[in-house]
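Data block below; observations after.
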């Protein structure tokens, strides 16, 4: 009975998180914060925006290292902001089965992804 109750509590916590729209997880176990609108990109965060003018649905990586975008933000990034740390954007090339380094965004840089719009599959936040 104790295990059943713990399972119900865990399922309820996941449901609340999903309904609130505040967290998304990737296959690598990394967690980012989802938002909508022109979100503030806090120091140390890598902020991805679905629209080209740093607006629309957002995904903020709140940690260093490798983040796979396996959820709704995969292949949806149109602009990016690097607040304090450089960010490398990666595209998975299905033809060669290799990661392709699209670009590196320098610390404090905001970049519209013109030639690589809607292709980002993963990022590396350099800390």
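Numbering (this note's numbering), first residue to last: 13 to 139.
Ideal Cβ placement from N, Cα and C applies to all residues, glycine included.
Which of helix, strand or coil DSSP assigns to residue i
i, result
"residue 140", "Residue 140 lies beyond the stretch modelled for the chain, which goes from 13 to 139, so this question has no answer here."
"residue 59", "strand"
"residue 34", "Unreliable placement is indicated for residue 34, whose pLDDT of 36 sits below 50; no coordinate value is reported for it."
"residue 70", "strand"
"residue 78", "strand"
Spatially closest choice to residue i from the options, by CA coordinates
i, options, result
"residue 95", "139, 137, 55 and 109", "55"
"residue 62", "117, 84 and 73", "84"
"residue 53", "81, 120 and 88", "120"
"residue 57", "111, 124 and 76", "76"
"residue 105", "117, 92 and 87", "87"
Range covered by the beta strand (DSSP E) that runs through residue i
i, result
"residue 96", "Here residue 96 belongs to no beta strand (DSSP E), and DSSP marks it neither H nor E."
"residue 122", "122-124"
"residue 114", "110-117"
"residue 89", "Counting along the chain, residue 89 falls outside any beta strand (DSSP E), and DSSP gives it neither H nor E."
"residue 106", "It is not in any beta strand (DSSP E) - residue 106 carries neither H nor E in the DSSP assignment."
Residues near residue i in its chain [Cβ-Cβ closer than 6 Å; skip 5 each side]
i, result
"residue 42", "Unreliable placement is indicated for residue 42, whose pLDDT of 40 sits below 50; the coordinate value is still reported in the next sentence. The residues are 79."
"residue 127", "none"
Neighbourhood of residue i by C-beta, 8 Å cutoff - its chain only, sequence neighbours within 5 removed
i, result
"residue 124", "64, 65, 90 and 91"
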